[in-house]
Amino acid sequence: MDLSVKPGNDFYTYANGVWLRNNPVPAKETRWGSFNELRDFNINAVKAILNESAAKTKAPAGSVEKRVGDFYAAAMDSAAIEKLGYTPIKADLERIKAIKDVNGVLNEVAYLRTSGAGSPMFGFFVGQDRKNVENMVPQLSQGGTTLPDRDYYLKNDARSTKIQEAYKNYIVKLFTLTGVDQATAQKNAETIFNLEKKMAEAQMARVEMRDPYKTYNKFAVADFSKTTPNLDWKSLMAKMKVTGQDTILVNSPKFFTELNGLLTSTPVADWKTYLQWNVLKSSAPYLSNDFVNANFAYTQALTGQKVQTPRWQRMSSLTDGTIGELLGQLYVAKHFKPEAKARMDEMIANLIKAYEIRIKGLDWMSAETKEKALAKLHAFRPKVGYPEKWKTYEGLAIDRNTFFQNVRNAGEWGYNDMVSQLGKPVDRTKWGMTPPTVNAYYSPVMNEIVFPAGILQFPFFDPNADDAVNYGGIGAVIGHEISHGFDDSGSQYDKDGTLRNWWTEQDLAKFKEKAAALAKQYDAYTVLDTVHVNGKLTLGENIGDLGGLSAAYEAFKMTKQGKSKKKIDGFTPDQRFFLSWAQVWRSNTLPETAAQLIVTDPHSPGEYRTIGAPVNMDAWYKAFNVKPGDKLYKSPEERIRIW
């Protein structure tokens with residue numbers, strides 16, 4: 066803490082100032098804060114497990130340890146990877162060279178997808194139908210681009226043009242590494258950039274994409290094909306291993322009508338270049354050093370990261386991302402205690418109770434809507450720690466000597482696993498994150514809140530800490546995830562997870578008015594020179610923070626410590642609660658990364674998450690004696706109360 070600062074003027078620095086000064090961003094990172102410290106602890110824990118598993122060369126065939134150990138050992142065999150150069154993708158590049166026509170282009174798009182070698186042109190996944198949640202349906206989404214957001218193609222300010230140049234250099238570099246001459250590689254870079262720019266122009270912006278009705282467009286497959294005469298979805302989907310489906314969901318139909326035009330207005334030769342690029346960029350991190358370094362140079366331009374993340378760390382993350390529920394079993398056995406789960410279950414129950422009290426007490430909502438909100442709250446399904454049913458990855462071949470092939474096999478396995486869900490009941494035991502992940506999520510269609518074992522550690526959670534610290538940390542995270550069920554997007558889904566309005570007209574109007582006021586509050590926060598937080602893009606997360614912290618405070622006040630005035634280290638229970646919250650969000654971020662996150666991240670930067678919710682809570686003013694004239698002061702009637 067920096068006690069020389071007045072909490073009412075700059076609560077973030079008051080709570081974190083000394084830590085921020087003493088903890089610059091390490092060279093291998095793009096930001097450094099509480100999340101990163103815990104991720105660092107976790108990745109080291111994962112590394113120890115992986116090294117141990119890789120050393121057990123005599124582990125029984127098919128055992129979890131054998132498969133995890135073999136995957137990691139292959140990933141760490143840099144000498145073998147170096148020797149191969151780009152041999153693993155030669156066949157792909159040659160096959161693409163032989164394409165003759167648009168039909169060949171589309172066949173290749175399907176093949177790359179099903180073989181785990183990339184997802185060119187558009188996005189495709191299998192997921193629940195938002196208006197009929199017991200059904201799994203094929204879903205198409207806009208895509209086809211490489212840069213993190215469409216804005217990077219469409220803007221021409223200094224920051225964007227610098228990134229466009231770095232991107233083109235990256236394309237040139239990868240092509241020349243496969244033996245293409247410099248002039249051709251440069252021509253390829255222009256071709257790819259211009260084609261992707263056209264796709265970017267056809268994409269909807271991120272703020273628009275937050276509207277679940279706007280992105281819900283259901284078609285009979287035959288009818289959708291009529292809107293894209295050059296794309297016969299029935300035959301294309303069959304090539305993508307999807308058969309017997311007569312319905313499809315599309316998040317942006319306009320994107321596909323534009324893509325349909327591009328298919329014939331763009332020469333086949335240009336599409337071939339684009340497809341080769343898709344193979345190159347999806348493979349680069351898994352090929353020899355030249356490719357890995359080129360990939361890092363591009364990342365560097367985007368994020369400002371100083372040195373490459375060490376290989377062991379990249380490969381530990383890759384193992385987690387690829388076979389996370391095998392690795393997760395070993396991780397949980399070592400790093401997740403039953404008492405942590407018991408304490409979490411209790412805190413979740415307390416937060417649900419606090420939320421119930423708060424919903425009942427809302428002065429802006431009618432009894433009719435309150436009843437529906439409470440029904441939704443009581444239908445929440447919490448998941449804590451790890452899945453009750455582990456994925457077995459049956460049929461996934463992992464060989465200790467073929468790293469690249471392992472990655473491809475896993476991509477293909479994952480694709481087949483996804484399409485195999487069609488025509489089956491929705492699997493409610495499935496997790497969207499792996500156990501070592503330092504994060505949590507809410508799923509609107511499942512109406513569930515999920516907390517992996519990875520986040521259930523200090524500074525978010527410590528079974529031995531006082532309640533103030535746990536409720537200000539993990540308590541607010543639980544409250545945050547519950548609040549996603551009631552944010553500007555989640556509130557449009559009912560208790561069953563169905564996209565269906567459950568609000569009266571007046572209540573919805575009042576909710577929107579409060580949400581708009583919150584968006585305006587965050588719009589005023591400056592991140593870099595003239596760049597501001599995007600209040601509309603971050604609205605869901607900001608509602609999550611405000612609702613979550615308010616509910617966590619309510620739940621904290623039910624505890625023995627919450628009711629007492631007893632100081633610890635000179636701070637009252639309420640002060641400790643808000644300090645715990647503030648210290649979760651402490652973070653130093655490189656300017657390049659901050660600029661990227663403002664465009665792509667639905668979360669506000671840490672310093673504004675720290676103050677954004679408390680300045681709307683009377684308890685915070687009381688705890689730190691914040692008065693008119695203090696920089697963060699908002700008069701009681703200006704304070705925004707939603708949940």
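Under our numbering, the residues of the sequence shown are numbered 66 to 708, in order.
Every residue gets a Cβ at the ideal spot worked out from N, C-alpha and C, and that includes glycine.
(1) Tell me where the beta strand (DSSP E) around residue 193 begins and ends.
(2) Mind checking who residue 447 pairs with in its DSSP beta bridge?
(3) With 16 other CB atoms within 10 Å as the buried threshold, where does residue 529 fall?
(4) Residue 702 to residue 673, Cα distance in whole Å?
(5) Looking at the secondary structure, which residues open and close the alpha helix (DSSP H) in which residue 472 lies?
(6) Under 8 Å by Cβ, that's how I've got residue 510 and residue 307 pegged, so tell me the actual separation to the nearest angstrom.
(7) Let me know if residue 572 comes out buried or exposed under the rule of 16 or more other beta-carbons within 10 Å of its beta-carbon.
(8) With a CB to CB cut of under 7 Å and the five nearest residues on each side skipped, what residues in its chain are close to residue 602?
(9) Considering only the beta carbon of each residue, do residue 312 and residue 260 sit closer than 8 Å?
(10) Contact between the stretch 512-520 and the stretch 224-232 is defined here as three or more beta-carbon pairs at a separation below 8 Å; is this criterion met?
(11) Considering only their Cβ atoms, is the gap separating residue 293 from residue 322 smaller than 8 Å?
(12) Could you tell me how far apart the beta carbons of residue 466 and residue 139 are, in whole angstroms, since I believe they sit closer than 8 Å?
(13) Measure the alpha-carbon distance for residue 137 versus residue 145 and round it to whole angstroms.
(14) Are the C-beta of residue 157 and some C-beta of chain B separated by less than 8 Å?
(15) Is it a yes or a no for the stretch 392-401 touching the stretch 495-505, going by three-plus beta-carbon pairs under 8 Å?
(16) What's the gap between the Cα of residue 349 and the Cα of residue 295?
(17) Which class does residue 521 belong to by DSSP, given the choice of helix, strand or coil?
(18) How far does the beta strand (DSSP E) with residue 318 in it extend, from its first residue to its last?
(19) When we look at the beta-carbon of residue 432 and count the other beta-carbons within 10 Å, is it buried (16 or more) or exposed?
(20) So, using beta-carbon positions, are residue 463 and residue 67 closer together than 8 Å?
(21) Are there 16 or more other CB atoms within 10 angstroms of the CB of residue 205, so buried, or fewer, so exposed?
(22) Measure from the alpha carbon of residue 577 to the alpha carbon of each residue in 125, 430, 644, then state which is nearest.
(23) Let me make sure I understand the geometry here. Which of 87, 222, 173 has the alpha-carbon closest to that of residue 660?
(24) Give me the Cβ distance between residue 658 and residue 95, rounded to the nearest whole Å; I'm assuming they're in contact under 8 Å.
(25) Quick check on this structure: which residue in 561, 552, 379, 664 has the alpha carbon closest to the alpha carbon of residue 612?
(26) Let me know if residue 99 comes out buried or exposed under the rule of 16 or more other beta-carbons within 10 Å of its beta-carbon.
(27) Hey, could you find the ends of the alpha helix (DSSP H) residue 336 is sitting in?
(28) Output the residue ranges of the alpha helix (DSSP H) runs that lie fully inside the stretch 193-260 and measure 4 residues or longer, sorted by chain position.
(29) Taking a contact to mean a Cβ-Cβ separation below 8 Å, would you say residue 367 touches residue 213 in this structure?
(30) Just to confirm my understanding: we take residue 335, look at its own chain, exclude 5 residues before and 5 after, and list those with CB closer than 7 Å. What are they?
Reading off the structure:
(1) 188-194
(2) 514
(3) exposed
(4) 21 Å
(5) 468-484
(6) Going by Cβ atoms, the distance from residue 510 to residue 307 rounds to 20 Å, so no, they are not a contact pair.
(7) buried
(8) 271, 272, 667
(9) no
(10) no
(11) yes
(12) 6 Å
(13) 13 Å
(14) In the structure shown, chain B cannot be found, because there is only a single protein chain.
(15) yes
(16) 31 Å
(17) coil
(18) Run containing residue 318: none in the beta strand (DSSP E); it sits in the alpha helix (DSSP H), 318-330.
(19) exposed
(20) no
(21) buried
(22) 430
(23) 222
(24) 4 Å
(25) 552
(26) buried
(27) 333-348
(28) 216-219, 223-242
(29) yes
(30) 256, 260
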